[in-house]
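Protein chains in written order, with the numbering used here: chain V, 0 to 625; chain C, 10 to 204; chain X, 128 to 243. Each remark here refers to the structure printed beneath this line.
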Amino acid sequence: MVGALRRLRQEGESYQGVWSWLTTVDHKRIGIMYGVTAFLFFLMGGIEALLLRIQLSSPNNAVLDPDQYNRIFTMHGTTMIFLVVMPLSAAFFNLLIPLMIGARDVAFPRLNAFSFWVFLGGGLFMNASFFTGGNILKGELGAPDAGWFGYAPLSLQSAGTGIDFWAFGLLILGVASMASGFNFIVTIFNMRAPGMTLLRMPLFVWMTLVTSFLIIFAMPIITVALFQLLFDRLYGANFFNFEAGGQPLLWQHMFWLFGHPEVYILILPAMGIVSEVLPTFSRKPLFGYPFVVISGLAIAFMSWGVWAHHMYTTGLGPIANSAFGVSTILIAVPTGIKIFNWLATLWGGAISLKTPLFFAVGFISMFVIGGLTGVIHSIVPSDYQQQDTYFVVAHLHQVLLGGAMFGLFAGIYYWFPKFTGRLLHEGWGQLHFWLMFIGFNITFQPMMILGLLGMPRRIYSYPEGAGWEWWNAVATVGALLIGVSILVFMFNVVLSLRRNDQAGPDPWDGRTLEWAIPSPPPAYNFREIPTVRARDDFWHQKYEEDETGRPVPIVGGGAQEPEEEEHAEGEGHGIHMPSPSFFPLIAAIGLPIIATGLIYDAAIVAVGVAVLVVGIYGWALEPASE
Amino acid sequence: MSHTPAALETGTGLDNRKLLMWLFLASECLLFGSLIGAYLLYRGQSVVGPYPEDLFDIPFTSVSAFVLLMSSVTMVLALAAIQRGDQRGLRIWLLSTALLGLLFLSGQAFEFTEFNHEGLSLSSNLFGTTFFVLTGFHGAHVTVGVLILLSLLVMAWRGRLTQSQSLNIELAGLYWHFVDVVWIVIFTLIYLIQP
Amino acid sequence: MTLAESRGIKGPTEREAEAEEVKEGAHPGPLEYVKIGLILAVITAVEVGIYYIEAIEDVLVPILIVLSAIKFTLVVLWFMHLRFDSRLFSWLLAGGLMLAGILMVIVLSTLGGRLV
């Protein structure tokens, strides 16, 4: 047994085979696993979205019954937020942060692996709820049905175990997010290469830092709220029980206290990505770097003071409503500063019109619409009219799909060559962009109109003659177009991996440290830890400015060539890297088992705790590297 | 000196694990803040008894709070011991801390049972709901702390905690003291102050 | 400005130079810990004592809050070494406490609860 484990561990160190992935602590591999897993969940959430759109494509449609519709829209929202955008951002944190700050790995590699496995377990656990409603083949779904925000008392009255799976699933996912939040803060504070001062850090590193702080402060609040909900549901506690004097509104406060910082947890990483892509493809440094950094900090800070704008109609009173309205309008200021700095970065640049730039500019345009509709919502009387209509649905998708996902796709196209060594095909990439961009706009702009026409959200069907038929049909066509664009993207990935179009270390003439090393990067990232002398250090290794301020290439500057790399093979093996480990995986498996036990049978809890304890003690007692 | 000045310029110079622990504790403030907030929101809002004034036994709880407070003293003495290489002192003080923690937990178990006999449960009223969840979460933190202390004690006994590894004790101490200060707040806000 | 500077962390040479003279200050001895422990015990006794004095009922709440704040501060400054450690740690704890406190006050006031 021990011998077998040791052999498997050796296989892990050999960097090949399934076991090497299960035991890996390499931030790049963990990042890839995060990305692939999140993309699979994206497909799932996307299929759910298409089902919803097909149901709504015509009045009195009966593709889904009301019960199925509720469960599917709940899972669509929950999946897209917690299983797609957050982990895709985490994938980029993992892939990029050590490379951008000139480090060999994160501060806690095993904790990093633990985050991923917990995320995977939590995602599977949550989706397992689909099977708990009876015979799934007959369409009897068991998933949660109270919306991604799970408002009490609806979430208390929901029958079955769907909400329990949802709440435990979110708790498990919270563990993953918090662990990676702690990890990346320590990494960014402590692991920077010599000379990488805070104000030389790439914008993406800054946004990761800010996001991580939001995560570690926002997650505990939703943790408590979810526990309160579970205590009410499973053990008859009274937190949200009106009859016992409890206030269901407490849930909304707790949820949005977490939920609004969460919105920025979703968007700030995408803003960081765009802030990297724009300078590279404009061949200009980011305009107003300190302002973009400070705006990011300001947004994070202010995101704590706007939560009640989700609750104007709950009777907070005119003073609270006005105060939250003002704070919400104010948060548009740093956001606007960022947008102007991005535009100024493009202004006068030597634009290289490649797919990542398309997506980045798509991000800016869609995010501006999303942001402006947000300002409309912040005005209380206006919001009274829009509350719970499709206008809100359009707004949030404008920000999260048009914003965050476009930004993340910009990142995927931009860094794909770095981690696979292959360029994504440009033509198919642009086709993907245009299909997605057009599809997006003909899905969600009609929803703005539908909202203003009074169509409420979260309804499974609508009668004929309300004037909503045409725009709903248009929106469904748009959604199908987005679906096609994703198929184009998947085709592009497969094609590009086969085509063997070698990217080389620096295909875009990049500015930050990750482009200085071979693609894909070796396990140890940097042969020698670089010394950083400037912001956009790698650019300054390649170019100096002539008297007119135009960049002139430096002879012999640039990235490490792969040939050089082979010479250094022996040297590379001398670099001390953390050993692979099973224990993060084992510890992570314990959590969904415990959650299952708490829903069904206390005996299972004991099993889960045992697994968790084995994982933790094994982890604590094994040497971090041999 | 192995550090180059440039390296120090960029790192914080702080130990990774210690920074992690402080970040964790900062985040725990929000966790306990939310739990305490829920208790305060619902204080005096229960529509049926039993009410706090029927149940709280201040002398008993004071002893309990005192026990936990003193465990912080023994914890910090354990740290002082390992920092000066006193293995015997380390073991004695670790053991004392763990025992005081266990004493606190038994006090809590006794209190919970008593309250339960008086008719208070998670579902009886808002007081029961918020009281048991808040103090239960705190008790769970103390339990984890005791397990950490006992694990460290075993390591110390096997001679696997040397003077150079005093950080292990320091980190456990930070956690333990944090759990203690949370109880300082709970003791005052929940037990002593009753409107 | 580097993080180290902004957090008031000393550079290597500075640190070495100071190392000798501040050694005692940086690591309080057991005696000092016991002293703090005694103060904490006395404050706890006072808290419980005044709880039973009916004459000061009106000012009891503020007194109790001040006393527990003193206990809290003593533990974090001495036992958790915030007095001697990097200021970054103090900022983290203060940040978490302030955020929790402010949010709690706002939510309680909008929902009609009272802090004490």
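We put the CB at the ideal spot given by N, CA and C, even for glycine.
Taken through DSSP and simplified to helix, strand or coil, residue 67 of chain V comes out as helix. In the DSSP annotation of this structure, the continuous segment of the alpha helix (DSSP H) that includes residue 263 of chain V starts and ends at 248-281. Residue range 542-544 is occupied by the beta strand (DSSP E) that includes residue 542 of chain V, with no alpha helix (DSSP H) assigned at that position.
Check the Cα spacing between residue 333 of chain V and each of V:61, V:291, V:346: the tightest is with V:291.
Apart from the 5 residues on each side of it in sequence, residue 92 of chain C sits with its Cβ closer than 6 Å to the Cβ of 175 in its chain, given in chain order. In the structure shown, residue 421 of chain V adopts extended strand secondary structure according to DSSP, grouped into three states. Apart from the 5 residues on each side of it in sequence, residue 343 of chain V sits with its Cβ closer than 8 Å to the Cβ of 286, 287 in its chain, given in chain order. Its chain contains 37, 40, 41, 44 as the residues whose beta carbon lies nearer than 7 Å to that of residue 83 of chain V, once the 5 sequence neighbours on both sides are disregarded; these appear in chain order.
Within chain X, the residues 237 have their CB atoms less than 8 Å from the CB of residue 319 of chain V, given in chain order. Within the same chain, Cβ atoms closer than 8 Å to the Cβ of residue 62 of chain V are found at 50, 53, 54, the five residues on either side in sequence being excluded. Counting C-beta pairs with one atom in each stretch, the segment 170-183 of chain V and the segment 211-224 of chain V have three or more that are closer than 8 Å, which means they touch. For residue 550 of chain V, DSSP records a beta bridge to V:544.
Taking 8 Å as the CB threshold, residue 161 of chain X lines the interface with chain C.
Close CB contacts of residue 64 of chain V within its chain, under the 8 Å cut and outside five residues either way in sequence, are with 138, 459 (chain order). Between the segment 523-531 of chain V and the segment 435-443 of chain V there are fewer than three C-beta pairs closer than 8 Å, too few to call the two in contact. Residue state for residue 530 of chain V is assigned as coil, using DSSP reduced to three classes. Between residue 467 of chain V and residue 454 of chain V, the CB-CB gap stays under 8 Å. Interface residue (Cβ-Cβ distance to chain C less than 8 Å): residue 182 of chain X is not classified as such. DSSP links residue 455 of chain V through a beta bridge to V:388. Against chain C, a Cβ distance below 8 Å from residue 249 of chain V picks out 47, 50.
Contact annotation: residue 269 of chain V and residue 212 of chain V have beta-carbon atoms that are not nearer than 8 Å. At a cut-off of 8 Å, the C-beta of residue 582 of chain V has no neighbouring C-beta in chain C. Three or more Cβ pairs closer than 8 Å define a contact, and the segment 272-280 of chain V meets that threshold against the segment 355-371 of chain V.
The beta-carbon of residue 209 of chain V is placed no less than 8 Å from the nearest beta-carbon of chain C. In the three-state scheme derived from DSSP, where H, G and I count as helix and E and B as strand, residue 501 of chain V is classed as strand.
Annotation: the continuous alpha helix (DSSP H) that includes residue 117 of chain C extends over 96-126.
Judged by DSSP in its simplified three-state form, residue 186 of chain V adopts helix.
Under the criterion of beta carbons closer than 8 Å, residue 159 of chain V and residue 207 of chain V do not qualify as touching, at roughly 38 Å. For residue 33 of chain V, the enclosing alpha helix (DSSP H) starts and ends at 26-55. Contact between the segment 176-185 of chain V and the segment 25-43 of chain C is present: three or more C-beta pairs spanning the two stretches fall below 8 Å. One alpha carbon belongs to residue 103 of chain V, the other to residue 576 of chain V, and they sit about 8 Å apart. Under the Cβ criterion of 8 Å, residue 166 of chain X is not counted among the residues facing chain C. Contact with chain X is absent for residue 254 of chain V, since none of that chain's Cβ atoms lies less than 8 Å from the residue's Cβ. Residue contact check for residue 147 of chain C against chain X: no CB pair falls below 8 Å. In the same chain as residue 59 of chain C, and ignoring 5 residues on each side of it, the C-beta atoms closer than 6 Å to its own belong to 127, 128, 129, in chain order.
Residue range 175-195 is occupied by the alpha helix (DSSP H) that includes residue 189 of chain C.
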